[in-house]
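In what follows, a single structure is set out as structure tokens and then discussed.
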Ligand SMILES: [Zn+2]
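Listed below in structure tokens is the structure:
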């Protein structure tokens, strides 16, 4: 068995606000600050370990972005140079659609998980927008607010997206994550979802089974249920939440049998000083684990390859030359 534990650290690249003004088009300050913060940290980690440290960026390229910013590829267009730099440093890129829809009758956003075909449409738009901008398909998918459905998993198969990083084992089903927001449908129950990678059953995408979908699910460790049974079950304990809750979750994933970790942070952690402090503390824990030689920051493909084969190398599906790289 390869001696290093795979750590897939994913950043949800999002606007700083969830319910965007349809006219203001504010900069995504959290994203810029996070990139500026993490690039020197990456260099330090790589110098200390002699190995590449790969981070993963899950991009919002959906209908909410198209409606509020005039184009679904707005972040790629607006922060072109930052993305070039992250690409040049070897990071992974995927899509992070949310299912927000502007409700004309009420003049506000509605997270429309329950509208037939709408989440699938948002995912197809994000996929097409990514493909057009990068010249190669997204390396992974991660839906917003841990929403997933049988129709979405079928769409991932149809789009040949290889990895899903949406499911968060341990969380019961809930109507919505934020009580004040308007939503339809509901967020699935993941209490029986395994904490290891699996191919979702066609009968129930939340569990392994045959016949299976093509996509691999790499579950995200955010539930305190795994580490401390008495904790709050609704919110996803992503990096930026109190570190004294997040670190035990990460630690439990990194030290179990067949250890691996998918951990997530939203880019807005750098818009609030307390969230930043909590994020930095949780990151420092992961960094220490890596620098001590126990783990490695990697892509979903590398993680699965290492877990399956125990080898230190994995094939890359990224083309050597892409439109994004050529103009760098
Ligand atoms: Zn999100």
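Numbering (the numbering used here), first residue to last: 2 to 329.
Each residue gets a CB set at the ideal place from its N, CA and C atoms; glycine is no exception.
Predicted model only: the values in this text are computed from it and were never measured.
Problem - Best match in 5, 34 and 189 for proximity to residue 148 [C-alpha to C-alpha] - result: Against the chain shown, residue 148 aligns to sequence position 147. Checking every option, the nearest Cα to that of residue 148 belongs to 189.
Exercise for the section: Say whether the stretch 163 to 179 touches the stretch 208 to 219, bearing in mind that this needs 3 or more beta-carbon pairs closer than 8 Å, one atom from each stretch. Expected result: Touching, yes.
Practice task
Evaluate residue 330 with the Cβ neighbour count: other Cβ atoms within 10 Å of its Cβ, from every protein chain shown; 16 or more gives buried, anything less gives exposed.
Solution key: Residue 330 cannot be examined here, being either before or after the span of the chain that is shown, 2 to 329.
Problem - Alpha-carbon to alpha-carbon, residue 207 and residue 261 - result: Working through the chain shown from its first residue, we reach residue 261 at position 260. Working through the chain shown from its first residue, we reach residue 207 at position 206. Taking the CA atoms as reference points, residue 261 sits about 19 Å from residue 207.
Practice task
Tell me whether residue 28 is buried or exposed, calling it buried when 16 or more other Cβ atoms sit within 10 Å of its Cβ.
Solution key: Here residue 28 refers to the residue found at position 27 of the chain shown. Burial call: exposed.
Problem - Of the listed residues 79, 80, 81 and 63, nearest to residue 73 (C-alpha basis) - result: For the purposes of this step, residue 73 is taken as residue 72 along the chain shown, with counting starting at 1. For the residues 79, 80, 81 and 63, the minimum Cα distance to residue 73 belongs to 63.
Practice task
Give a yes or no on contact between the stretch 293 to 307 and the stretch 272 to 280, applying the rule of three or more CB pairs nearer than 8 Å.
Solution key: The answer is no - the stretch 272 to 280 does not touch the stretch 293 to 307, with fewer than three Cβ pairs under 8 Å.
Exercise for the section: Within 10 angstroms of the Cβ of residue 107, are there 16 or more other Cβ atoms? Answer buried if so, exposed if not. Expected result: Mapped onto the chain shown, residue 107 falls at position 106. That one is exposed.
Practice task
Indicate, with yes or no, if ligand 1 has a heavy atom lying under 7 Å from the CB of residue 102.
Solution key: The residue given as residue 102 occupies position 101 in the chain shown. Not under cutoff, so the answer is no.
Exercise for the section: Please indicate yes or no: does the CB of residue 31 lie closer than 7 Å to some heavy atom of ligand 1? Expected result: Translated into positions along the chain shown, residue 31 becomes position 30. No, Cβ of residue 31 sits at least 7 Å from all heavy atoms of ligand 1.
Handout entry: Member of 248, 85, 220 and 178 whose CA lies at the smallest distance from the CA of residue 263
Key = As a working note, residue 263 is residue 262 in the chain shown. If you compare the alpha carbons of 248, 85, 220 and 178 with that of residue 263, the shortest gap goes to 220.
Exercise for the section: Tell me whether residue 97 counts as near ligand 1, meaning its Cβ is closer than 7 Å to at least one heavy atom of that ligand. Expected result: Residue 97 sits at position 96 when you count from the first residue of the chain shown. Residue 97: yes, Cβ under 7 Å from ligand 1.
Problem - From 122, 31 and 68, residue whose alpha carbon lies closest to that of residue 153 - result: By one-based count along the chain shown, residue 153 stands at place 152. By alpha-carbon distance to residue 153, the top candidate from 122, 31 and 68 is 122.
Problem - residue 59 to residue 133 span [Cα, whole Å] - result: Locating residue 59 in the chain shown gives position 58, where the first residue counts as 1. Locating residue 133 in the chain shown gives position 132, where the first residue counts as 1. Taking the straight line from one Cα to the other gives about 16 Å.
Handout entry: Among 176, 252 and 145, nearest to residue 12 - alpha-carbon criterion
Key = Locating residue 12 in the chain shown gives position 11, where the first residue counts as 1. That would be 145, whose Cα lies nearest to the Cα of residue 12.
Exercise for the section: Inspect the CB distances between the stretch 241 to 251 and the stretch 198 to 206 and report whether three or more fall short of 8 Å. Expected result: Segments in contact, no.
Handout entry: Close beta carbons around residue 228, own chain, < 6 Å, minus the five adjacent residues each side
Key = As a first step, residue 228 must be located in the chain shown, where it is residue number 227. Residue confidence for residue 228 is low, a pLDDT of 45 falling below 50, so the modelled location carries little weight; the figure read from the coordinates is stated next. Short of 6 Å from the beta carbon of residue 228, and not among the five residues preceding or following it, lie these beta carbons of its own chain, in chain order: 249, 250 and 253.
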